[in-house]
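Just so it is clear: in the sequence shown, position 102 is 156 by this note's numbering, and no numbers are missing.
Think of the CB as a built atom: it goes at the ideal place given N, C-alpha and C, for glycine as much as any other residue.
Fair warning: this is a prediction, and the values are worked out from it, not measured in the lab.
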Amino acid sequence: MSKDFAAHLPNQVSDELNTYVVDVALRDSRYIFTRRMGGFQYGYCTHCKKEYLTKGFRHGKTEMCEKCGSFCTVKASGRGRSRLIDDAYLVWYDKSLINPKAVVAHGIYVKRDYTGDYREVNTQFYVQAEYLFIPGDPKAKGKARFGEAHMRRRHPWGNHFYSPSSIITELSNAMRRPPFYLDKENVREAVHGTPFQYSGWEEMLTHRREGEVDYCGLFSYERRAGEPRTDLVKFFALAAKYPCIEYLVKLGLSSLIEAKINGHYTYNAINWRGATMEKVFKLSKQEIREMRTVNTTNIPLMLHSYRFYRKKGINVSFDQANKLRDLTFEENQDSLKSLGISHTVNQAIKYILKQLERPGASKYYSSASSVLRDWRDYLNDCKKLGMDMASQAVCYPNDLHSAHQKTLEKVKYKEDRALNIRIANRLEKLNKLYQFEYNGLVIRPAMTSVELFREGKELSHCVGGYAKNYADGKCDLLFIRRVSEPDKPFYTMEVSGGQVFQCRGYENCSMTPEVRDFVDRFISVKLKKKKPIKVKGVAV
């Protein structure tokens with residue numbers, strides 16, 4: 055730590071700081087305490103510290119003090135106020151007193167305690183943390199290029215200060231409960247004329263939305279809407295140590311800095327001490343330009359992925375490396391090696407990339423690892439079906455998703471063979487009973503458990519779960535189709551005891567007028583019912 059740490063810091067509360075605390079951080083800590091004497095009500099304003107005769111204020115209401123014009127909350131002085139303490143935490147920045155290039159900051163806890171004599175209340179200031187940021191010289195060589203960041207904080211179990219080994223934000227430690235304040239203009243004034251002025255700190259300053267919650271261990275803390283998410287101390291610590299921070303922000307790569315600040319794994323993708331962007335990223339200028347065009351939330355992992363595949367001899371672009379990034383994890387690499395087919399890992403990676411880049415692949419695959427899981431399941435299905443596992447066409451289908459859907463149905467049919475035999479035994483009778491066409495629509499019985507499975511999947515309902523009851527003759531399951539699209543699922547009907555028990559479409563939707571008219575006609579012709587349909591029971 056710098057021997058002159060204390061010499062950098064102002065040791066008195068400035069007028070600007072006091073004004074900010076009173077008018078902003080503790081703006082709502084203004085009360086009019088009322089008392090009665092001789093049939094009159096008097097009010098004492100804690101802001102201007104004046105008492106006057108009121109017109110009759112009610113406890114809990116907001117009134118304007120007629121002496122200072124402040125809007126204050128009315129409190130009856132005779133009521134209990136054992137918990138009436140207003141507090142806040144703020145980080146206040148200043149220029150160093152002895153180094154014109156350095157910046158300092160105080161983490162200050164402020165409170166106003168009304169539990170005692172309300173006439174004697176004053177704002178109390180407690181320094182929780184002190185920070186010093188000394189920038190390096192980007193033009194220098196060796197250690198002089200890199201600056202320093204130091205901190206002293208109040209010990210959580212004592213009143214003394216100590217120096218932690220790294221910069222800590224009190225927002226996630228001792229000061230996670232009080233409302234937090236940071237004055238943007240104060241920061242701008244403190245860094246003006248220093249190397250931090252152009253560090254890009256404004257890009258790091260975001261604010262919380264309504265209902266946003268912070269977590270600390272088992273506890274959660276709901277934060278104030280509009281509250282800054284950061285006190286910037288970790289950012290300025292990085293900006294002091296590494297000159298490249300300014301350029302990363304200007305390149306629109308602030309997510310890299312956030313990852314470093316938040317302690318996320320950066321895969322050694324960044325050389326933070328690099329003197330140029332090429333050395334920082336270990337890339338050429340052309341590669342950096344290409345990297346910046348990729349829309350990703352995890353630049354370190356994308357960079358790691360890019361180098362990972364390049365070392366393996368796979369000439370991927372940054373966009374492709376981003377798509378394949380989760381395959382670099384050890385567990386996925388192990389899965390690639392244990393697919394049970396004749397291949398190299400590089401072949402498997404190229405095949406997965408091909409599937410990810412197929413038109414419409416995003417409907418089925420969210421990541422490279424989801425393709426890998428689908429491929430592994432497909433290969434297991436192929437083995438169950440006794441397919442030729444030495445065949446390239448079998449092991450590497452052009453359309454993996456489509457091929458997997460087919461093997462799923464074949465496996466299900468194989469596993470449901472006994473069920474399908476019972477269904478087949480019913481079909482001749484069911485066709486005679488129910489086959490019907492009217493006004494462009496046709497109805498027929500389900501032919502297999504696979505058809506029921508596919509019907510439920512396409513229409514997003516659970517008719518597939520009725521297969522056993524259908525095979526056992528406990529219910530009859532019928533498919534309504536358009537004559538022009540006989541293979542496309544449209545509506546599913548359940549008939550039980552000679553009555554239509556339910557008829558549902560996509561996501562269990564009810565019948566349209568067109569379908570209801572068809573079903574009414576079906577009932578009158580096939581079920582010998584002359585009254586309109588009565589749909590009851592739970593949805594398919």
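- Task: Could you have a look at Q401 and say whether DSSP puts it in helix, strand or coil?
- Result: Here residue 401 refers to the residue found at position 347 of the sequence shown. Looking at Q401 - three-state DSSP - the assignment turns out to be helix.
- Near R364, what residues of its chain come up, given a Cβ to Cβ distance below 8 angstroms and the 5 sequence neighbours on each side ignored? The residue labelled residue 364 in the question sits at position 310 within the sequence shown. So the qualifying residues of the chain are V370.
- Query: When you compare only the Cα positions, how much space is there between S83 and T248?
  - Reply: Here residue 83 refers to the residue found at position 29 of the sequence shown. Here residue 248 refers to the residue found at position 194 of the sequence shown. Computed Cα separation, rounded: 36 angstroms.
- With DSSP as the reference, label C449 as helix, strand or coil. Here residue 449 refers to the residue found at position 395 of the sequence shown. Looking at C449 - three-state DSSP - the assignment turns out to be helix.
- Item | Where the beta strand (DSSP E) through I497 begins and ends | In the sequence shown, the residue the question calls residue 497 occupies position 443. Residues L495 to P499.
- Query: For T382, which of helix, strand or coil comes out of DSSP?
  - Reply: Position 328 of the sequence shown, counting from 1, holds the residue named residue 382. Three-state DSSP puts T382 in a helix.
- Message: Run through the DSSP bridge pairs and tell me what L532 is partnered with.
- Response: Reading the sequence shown from its first residue, position 478 is the one you call residue 532. The partner list for L532 (beta bridge, DSSP) reads P499 and M547.
- Item | T88 beta carbon less than 8 angstroms from that of T108 | Taking the first residue of the sequence shown as 1, we reach residue 108 at position 54. Taking the first residue of the sequence shown as 1, we reach residue 88 at position 34. Contact flag set, yes.
- Query: With which residues is Y488 paired in a DSSP beta bridge?
  - Reply: Locating residue 488 in the sequence shown gives position 434, where the first residue counts as 1. The partner list for Y488 (beta bridge, DSSP) is empty, contrary to what the question assumes.
- Keeping to the same chain, check which residues put their C-beta closer than 8 angstroms to that of Y252; ignore five residues upstream and five downstream. Within the sequence shown, the letter at position 198 stands for residue 252. Once the five neighbours on either side are set aside, the close Cβ partners of Y252 are E300.
- Which whole runs of the beta strand (DSSP E) in the region 139-207 are 3 residues long or more, in chain order? 139-149, 157-167 and 178-188
- Span of the beta strand (DSSP E) around Q556: To locate residue 556, count along the sequence shown from 1; it is residue 502. Where Q556 is concerned, the enclosing beta strand (DSSP E) stretches over Q553 to R558.
- Examine the Cβ distances between the region 312-322 and the region 176-187 and report whether three or more of them are shorter than 8 angstroms. no
- Is the beta carbon of D77 within less than 7 angstroms of some heavy atom of the ligand GTP? The ligand GTP is not among the ligands present in this structure, which contains no ligands whatsoever.
- Query: With which residues is Q95 paired in a DSSP beta bridge?
  - Reply: As a working note, residue 95 is residue 41 in the sequence shown. Q95 is bridged to R90.
- Helix, strand or coil at D268 [DSSP, three-state]: As a first step, residue 268 must be located in the sequence shown, where it is residue number 214. D268: strand per DSSP, three-state reduction.
- Do you know offhand how far L357's Cα is from M345's? Position 303 of the sequence shown, counted from the start, is the residue given in the question as residue 357. Position 291 of the sequence shown, counted from the start, is the residue given in the question as residue 345. Going from the Cα of L357 to the Cα of M345 covers about 8 angstroms.
- Message: Can you give me the C-alpha to C-alpha distance between E548 and S514, rounded to a whole angstrom?
- Response: As a working mapping, residue 548 is identified with position 494 in the sequence shown. As a working mapping, residue 514 is identified with position 460 in the sequence shown. Distance between the alpha carbons of E548 and S514: 16 angstroms.
- Message: Spatial neighbours of E276 within its chain, please: C-beta separation below 6 angstroms, excluding the five flanking residues on both sides.
- Response: Locating residue 276 in the sequence shown gives position 222, where the first residue counts as 1. So the list reads V267, once near-sequence residues are dropped.
- Message: Less than 7 angstroms between C-beta atoms, sequence neighbours within five positions excluded: which residues of the same chain meet that for N386?
- Response: Along the sequence shown, read from residue 1 onward, the residue named residue 386 stands at position 332. Around N386: D380, S423 and L426.
- Would DSSP call A130 helix, strand or coil? Here residue 130 refers to the residue found at position 76 of the sequence shown. DSSP places A130 in strand when its eight states are reduced to three.
- Item | Span of the beta strand (DSSP E) around T116 | One-based indexing of the sequence shown puts residue 116 at position 62. First-last of the beta strand (DSSP E) with T116: T116 to M118.
- Put P282 into one of helix, strand or coil per three-state DSSP. Here the question's residue 282 lines up with position 228 in the sequence shown. Correct three-state label for P282: strand.
- Query: Would you say L138 and I162 are within 8 angstroms of each other, going by their C-beta atoms?
  - Reply: The residue labelled residue 138 in the question sits at position 84 within the sequence shown. The residue labelled residue 162 in the question sits at position 108 within the sequence shown. No, the Cβ-Cβ distance between L138 and I162 is not below 8 angstroms.
- Message: For I477, tell me which candidate among A500, Q489 and A159 has the shortest Cα-Cα distance.
- Response: Mapped onto the sequence shown, residue 477 falls at position 423. Cα-wise, what sits closest to I477 is A500.
- Counting along the chain, where does the alpha helix (DSSP H) carrying L355 start and finish? As a first step, residue 355 is located in the sequence shown; it is residue number 301 there, counting from the start. Here the alpha helix (DSSP H) through L355 covers I353 to K365.
- State buried or exposed for S578, treating a residue as buried only when at least 16 other CB atoms are found within 10 Å of its CB. Stepping through the sequence shown from its first residue, residue 578 is reached at position 524. Label assigned to S578: exposed.
- Closest to P543 by CA distance: which of V496, E568 and G552 is it? Within the sequence shown, residue 543 is the residue found at index 489, counting from 1. For P543, the nearest C-alpha among the options comes from V496.
- Message: Could you compute how far the alpha carbon of Y185 sits from the alpha carbon of H214?
- Response: Along the sequence shown, read from residue 1 onward, the residue named residue 185 stands at position 131. Along the sequence shown, read from residue 1 onward, the residue named residue 214 stands at position 160. Taking the straight line from one Cα to the other gives about 16 angstroms.
- Item | Backbone secondary structure at S514 - three-state DSSP | The residue given as residue 514 occupies position 460 in the sequence shown. It is coil, neither helix nor strand.
- Message: What does the alpha-carbon distance come out to for the pair E117 and F111?
- Response: Start at 1 with the first residue of the sequence shown, and residue 117 comes out as number 63. Start at 1 with the first residue of the sequence shown, and residue 111 comes out as number 57. So the two alpha carbons sit approximately 8 angstroms from each other.
- Message: At 4 residues or longer, what runs of the alpha helix (DSSP H) sit wholly inside the region 295-345?
- Response: 298-304, 308-315 and 331-335
- Item | Under the three-state DSSP convention, the category L107 falls into | Taking the first residue of the sequence shown as 1, we reach residue 107 at position 53. Strand, per DSSP.
- Message: So, at 8 angstroms on beta carbons, what are the nonlocal neighbours of K580 in its own chain, with the 5 sequence-adjacent residues on each side left out?
- Response: Within the sequence shown, residue 580 is the residue found at index 526, counting from 1. Result list for K580: L487, Y488 and F490, in chain order.
- Spatial distance of G328 from F200 (CA atoms): Here residue 328 is taken as the residue at index 274 of the sequence shown, counted from 1. Here residue 200 is taken as the residue at index 146 of the sequence shown, counted from 1. Computed Cα separation, rounded: 11 angstroms.
- Message: I believe L506 touches V517 by the beta-carbon criterion, under 8 angstroms. Please report the beta-carbon distance rounded to the nearest angstrom.
- Response: Mapped onto the sequence shown, residue 506 falls at position 452. Mapped onto the sequence shown, residue 517 falls at position 463. Contact flag correct, Cβ pair sits at about 6 angstroms.
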